[in-house]
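Everything on this sheet refers to the single structure shown next.
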Amino acid sequence: MKKYFLFLAIIIILFSSFSQQLQEYEKKSLFIFPVQYSSSIKSTVIPERRKNFIEEQMFKMFVKDFQRIDFYEVSTNNSLDLFLKDAEQFIRENAKEIAAKRLDKDDKFKEAIVTIDDLIDTLYNSYAAVPVFEKIEKTKNKKDEPNFNIYLRFEIYNIDSKKKISTIKANNKTSLIGNLMSGLGGLQAESSIMKDLSKDEKEEDKKFQSSITGLFELVRTDMKKLKAFQIQAVPTVITSNRFGFDLGSDNGVKIDHRYKSYIYKSDGSRDMTAFGKIREVKKDYSEAEILIGDIKEGDQIVEDPKLGANFRLHYGMTKIKYEHIIESEEVTVVDELVPTVGVALDYDLGPITKIPEFYLSAEGRFVAIKNKYTATVNTQEVTVKPDFTTFMGDIGFLKKIYMKRFSLNFGAGVGVFSVTANDYAINIFGSTVYDNVTIKGTGYGFSGKIGGEFLITPEFSIYGNILIDLYSNPVNWTVESASGTEISGFSSKVLDINSQGIGFNAGISFTF
């Protein structure tokens with residue numbers, strides 16, 4: 001009998017230990033301290049209007065669009081040490097100032113009715129953040145266009161332990177992802193402070209705002225990965241292809257956000273049981289579509305924060321038609337599928353548009369035209385050595401419809417068809433007509449695709465597309481000799497090349 005009770009007690013203890021491991025996210029309080037700037041940053045690079053934009057965008061991205069935290073602004077300079085030393089006393093002395101800026105229910109910053117006791121209560125589950133800009137410098141590229149190299153860090157402290165829990169760094173100079181996000185930041189940058197600027201100032205500020213917003217997005221994503229701010233939940237609804245949990249827009253859950261479920265093992269480790277993406281969001285409830293695996297009661301749901309970008313590499317074939325007019329006769333040199341190698345970037349607009357799996361998509365393809373072709377003119381063989389560098393690029397939209405691991409993808413975009421050839425030569429009957437020249441031309445058109453994708457893991461997939469390309473012959477040709485002198489009498493009628501037909505590609509995709 002004693003053995004029976006001992007065995008039962010062990011089972012109860014193990015079950016209790018297992019149950020305690022399941023966690024649900026509790027909203028945290030974040031005290032944000034004033035932005036600090038390195039003394040090496042020139043005032044001409046960061047005038048007051050740009051500082052105002054940084055403040056404006058920081059509150060937009062870390063407060064209004066970051067609902068998983070309760071926000072408190074601490075505007076007293078050089079006060080972090082005092083705050084960490086005695087946060088309660090600091091709040092009592094600065095209560096009016098701290099309460100002055102709160103995000104009210106109507107999403108506007110204004111005076112909120114907050115008591116000192118309310119502020120003191122926030123010290124439970126509270127953190128402090130100090131944004132620091134280490135470097136901001138203006139540069140110009142080869143086209144004399146302005147760029148900004150920015151280095152920033154967010155120092156995050158646990159108020160209870162008084163210890164720094166993380167330093168999140170981001171920059172757009174040495175970091176490839178930082179540089180990429182700086183380019184995409186313009187999708188979220190919103191500011192009216194440019195209306196009175198000159199044209200050149202507006203161009204500069206657009207680049208600056210895009211860089212700041214992109215790097216803030218990178219920092220915010222890294223913050224979501226910290227245990228203190230990562231959403232965890234317990235499933236309350238489970239169906240064959242969906243799971244739901246009792247956290248929603250009030251906690252910052254958005255369409256297409258990623259979640260994984262785990263089961264805990266006896267040794268404390270965990271195994272992933274399912275992966276899903278959010279398809280429905282209410283104020284206090286969210287529902288995710290299961291894309292990989294299955295979920296059961298007792299599984300732990302954990303947020304899987306990503307930047308929402310997919311980087312793709314692919315190989316394919318593109319229809320190319322290349323013609324010459326030689327001795328008043330039109331000669332078709334190429335009229336076939338030609339190999340291509342390409343890259344693409346898809347940025348998820350779902351959290352912004354609330355349309356699941358809706359992407360802004362940019363794609364580039366290098367067309368591998370051979371450097372030597374033969375054709376027949378008047379029963380005689382003609383040798384053509386184009387040695388082209390041919391590039392196709394388009395930007396548009398992509399939509400995915402998932403059925404578990406498999407998705408049906410379709411999209412369209414507008415783009416360019418660019419041709420550049422160095423050391424170009426045309427030989428006719430053994431006689432060189434053009435030799436050692438450089439030709440350049442650009443055509444325009446449309447590209448559509450329909451295909452499928454298969455998830456191998458939540459971060460890695462394989463895909464294939466059927467392509468429809470409708471690109472015109474390049475126009476505005478320029479032809480230069482080796483010395484740089486432009487050659488007259490050369491037009492698109494002499495060299496016609498386009499892409500109009502059906503092709504395909506296949507490749508791999510990485511999510512980050």
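For the sequence shown, the tail end lands on 512 under this note's numbering, and the numbers increase by one without skipping.
Where is the CB? At the ideal position from N, CA and C, for every residue including glycine.
Quiz item: Under a three-way DSSP split, which group does residue 214 fall into?
Solution: Three-state result, residue 214: helix.
Exercise. My understanding is that residue 277 touches residue 257, with C-beta atoms under 8 Å, so please give their C-beta distance in whole angstroms.
Key: With 8 Å as the limit, residue 277 and residue 257 qualify as a contact, their Cβ atoms being about 7 Å apart.
Practice problem: Would you mind sorting residue 407 into buried or exposed? The rule is 16 or more other CB atoms within 10 Å of its CB. | Solution: buried
Quiz item: Out of 166, 162, 150, 334, which has the shortest C-alpha to C-alpha gap to residue 172?
Solution: Comparing Cα-Cα distances from residue 172 to each of 166, 162, 150, 334, the minimum goes to 150.
Self-check item: Segment contact flag, the segment 194 to 204 with the segment 162 to 172, C-beta cutoff 8 Å, min 3 pairs
Solution: no
Practice problem: Return the chain-ordered list of same chain residues with a C-beta closer than 7 Å to the C-beta of residue 374, the five sequence neighbours on each side being excluded. | Solution: 381, 382, 383
Exercise. Compute the Euclidean distance between the alpha carbons of residue 396 and residue 304, then round it to the nearest angstrom.
Key: 27 Å
Quiz item: Are the segment 213 to 229 and the segment 330 to 348 in contact at 8 Å, needing three or more beta carbon pairs?
Solution: no
Quiz item: Where does the unbroken alpha helix (DSSP H) through residue 353 begin, and where does it stop?
Solution: Note, residue 353: alpha helix (DSSP H), 350 to 353.
Quiz prompt | For residue 49, the first and last residue of its enclosing beta strand (DSSP E) | solution = Unbroken run through residue 49 is the alpha helix (DSSP H), 48 to 59; no beta strand (DSSP E).
Quiz item: In three-state DSSP terms, what is residue 287?
Solution: strand
Practice problem: Mind checking which residues open and close the beta strand (DSSP E) that includes residue 184? | Solution: No beta strand (DSSP E) holds residue 184; the alpha helix (DSSP H) holding it covers 176 to 184.
Quiz item: Based on the DSSP output, what are the partners of residue 207 in its beta bridges?
Solution: Answer by DSSP bridge pairing: none, since residue 207 is not bridged.
Quiz item: Should residue 392 be labelled buried (16 or more other beta-carbon atoms within 10 Å of its own) or exposed?
Solution: buried
Exercise. In the DSSP assignment, find the alpha helix (DSSP H) that holds residue 117 and state where it starts and stops.
Key: 116 to 121
Quiz item: Looking at the structure shown, is residue 81 part of a helix, part of a strand, or coil, going by DSSP?
Solution: helix
Self-check item: For residue 233, three-class secondary structure by DSSP
Solution: Correct three-state label for residue 233: strand.
Quiz prompt | For residue 240 and residue 519, the rounded distance between their alpha carbons | solution = Residue 519 is absent from the structure shown; the chain starts at 1 and stops at 512.
Quiz item: Do you know offhand how far residue 468's Cα is from residue 447's?
Solution: One alpha carbon belongs to residue 468, the other to residue 447, and they sit about 6 Å apart.
Exercise. Taking residue 183 as the reference, give the member of 174, 165, 162, 208 with the closest Cα.
Key: 208
Quiz item: Taking the alpha carbon of residue 66 as the point to measure from, which residue in 456, 423, 221, 293 has its own alpha carbon closest?
Solution: 221
Self-check item: Continuous beta strand (DSSP E) stretch holding residue 154: start and end
Solution: 146 to 158
Practice problem: Report yes if the C-beta distance between residue 463 and residue 506 is below 9 Å; otherwise report no. | Solution: yes
Quiz item: Which value, in whole angstroms, describes the spacing of the CA atoms of residue 160 and residue 81?
Solution: 13 Å
Quiz item: According to DSSP, which residues form a beta bridge with residue 36?
Solution: 132
Quiz item: Would residue 32 pass as a contact of residue 128 if the rule is Cβ separation under 9 Å?
Solution: Taking 9 Å as the Cβ cut-off, residue 32 and residue 128 qualify as a contacting pair.
Quiz prompt | Residue range of the unbroken beta strand (DSSP E) whose run includes residue 475 | solution = 475 to 480
Quiz item: Distance, Cα to Cα, residue 164 vs residue 154?
Solution: 11 Å
Quiz prompt | Buried or exposed (CB count within 10 angstroms, at least 16 for buried), residue 92 | solution = Per the 10 Å Cβ criterion, exposed.
Quiz prompt | Identified DSSP bridge partners for residue 421 | solution = Answer by DSSP bridge pairing, in chain order: 388, 439.
Exercise. Would you mind reading off the limits of the beta strand (DSSP E) that contains residue 376?
Key: Looking at the DSSP string, the run of the beta strand (DSSP E) that includes residue 376 is 373 to 377.
Self-check item: Span of the beta strand (DSSP E), counted from its first residue to its last, around residue 142
Solution: First-last for residue 142: undefined, no H or E at that position.
Practice problem: Indicate the three-state DSSP secondary structure (helix, strand or coil) for residue 256 in the structure shown. | Solution: coil
Practice problem: Please classify residue 454: is it buried, with 16 or more other beta-carbons within 10 angstroms of its beta-carbon, or exposed? | Solution: In the assembly as shown, residue 454 is an exposed residue. Its beta-carbon has fewer than 16 other beta-carbons within 10 Å.
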